[in-house]
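Asks: Structure in structure tokens, see below.
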Amino acid sequence: MHAMPTLRLAVAVRVMAKDLIRTRHQIEKFNKLRSQLQGVSLHIQLMSAPSAAVAAPAAKSKVAQAKSTTNDDGGIDSELQARLDNLRRM
1 MHAMPTLRLA VAVRVMAKDL IRTRHQIEKF NKLRSQLQGV SLHIQLMSAP SAAVAAPAAK
61 SKVAQAKSTT NDDGGIDSEL QARLDNLRRM
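With UniProt numbering, the residue at position 33 of the sequence shown is 33, and numbering never jumps.
Right, here's the structure in full:
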């Protein structure tokens, strides 16, 4: 008589595990779509901005990098700056 409840429990656990995997895949897909949407949004903002407004953050970034030559945090800023430059060229 104990075999039937454990069998039902095993089936329920299997269903919950499949649901968990499905949810995990949906979260990964959502995060990927969100990052793509943010990239498109940034691209649209750069294309619609006046050229002076686009050049000002670049100049500000160069000044900030010149002031903070001793910090090692510049890698993230330079990577972001490179991405922005690539988007401007498009």
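Glycine included, each C-beta is placed from N, C-alpha and C at the ideal position.
1. State whether the region 39–47 contacts the region 11–27, with contact taken as three or more CB pairs (one from each stretch) at a distance under 8 Å.
2. Tell me, to the nearest whole angstrom, how far the beta carbon of Ser61 is from that of Asp85; I am working on the premise that it is less than 8 Å.
3. Specify, as a first and last residue, the run of the alpha helix (DSSP H) that Ala10 falls within.
Replies: Per the coordinate set shown:
1. Contact between the region 39–47 and the region 11–27 is absent: fewer than three C-beta pairs spanning the two stretches fall below 8 Å.
2. Here residue 61 is taken as the residue at index 61 of the sequence shown, counted from 1. Here residue 85 is taken as the residue at index 85 of the sequence shown, counted from 1. Not quite, the Cβ-Cβ distance comes to about 10 Å (not below 8 Å), so this is no contact.
3. As a working mapping, residue 10 is identified with position 10 in the sequence shown. For Ala10, the enclosing alpha helix (DSSP H) stretches over residues 3–48.
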